[in-house]
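So the sequence shown is numbered by the numbering used here: it starts at 113 and just counts up by one. A short write-up of the structure that comes next.
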Amino acid sequence: MRTDRFIGAGQVRDIHHWQLIRALSHIDMGLKLIVKEVYFFIHPIKGIIYHIYDDRGLDISAASAESLRSLYEGYGEWLLHYDRETMDRRLFK
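Below is the structure:
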């Protein structure tokens, strides 16, 4: 198995992130512009890691539950319902 790693810092506006996100979401759909590598987007200030795994969704991790609160409140309807009880417990203790 071979693993390559590229870590870069910069501004979001300097990266063609929408093209990368689109390519990551095309993995299982058979569309053109496919990226088969694993990518993580990291927001160093908020301590949030985004991992887009394919067209079905993404995983979001954070250093603290508080970092996720605004995402949870703003995009709560997008979350999987079977995890809702656990997320509510952790975010709203």
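Cβ coordinates follow ideal geometry from the N, Cα and C atoms, glycine included. Here the structure is a predicted model, which is why all the values come from computation and not from measurement.
Cβ neighbours of residue i in the same chain (closer than 6 Å, five flanking residues each side left out)
{"i": "I172", "result": "Y162"}
{"i": "M199", "result": "none"}
C-beta atoms of residue i and residue j nearer than 7 Å
{"i": "A177", "j": "I160", "result": "no"}
{"i": "Y187", "j": "L203", "result": "no"}
{"i": "L192", "j": "I164", "result": "no"}
Close Cβ partners of residue i (< 8 Å) along its chain, the five nearest in sequence each way excluded
{"i": "K158", "result": "A174, S179"}
Contact belief for residue i with residue j at Cβ below 8 Å, rounded distance in angstroms
{"i": "Y151", "j": "L132", "result": "7 Å"}
Close Cβ partners of residue i (< 7 Å) along its chain, the five nearest in sequence each way excluded
{"i": "I127", "result": "none"}
{"i": "R181", "result": "L203"}
Minimum length 3: unbroken beta strand (DSSP E) runs contained in the stretch 124-190: Taking only runs of at least 3 residues, the beta strand (DSSP E) segments lying wholly in the stretch 124-190 are 153-155, 160-166, 169-174.
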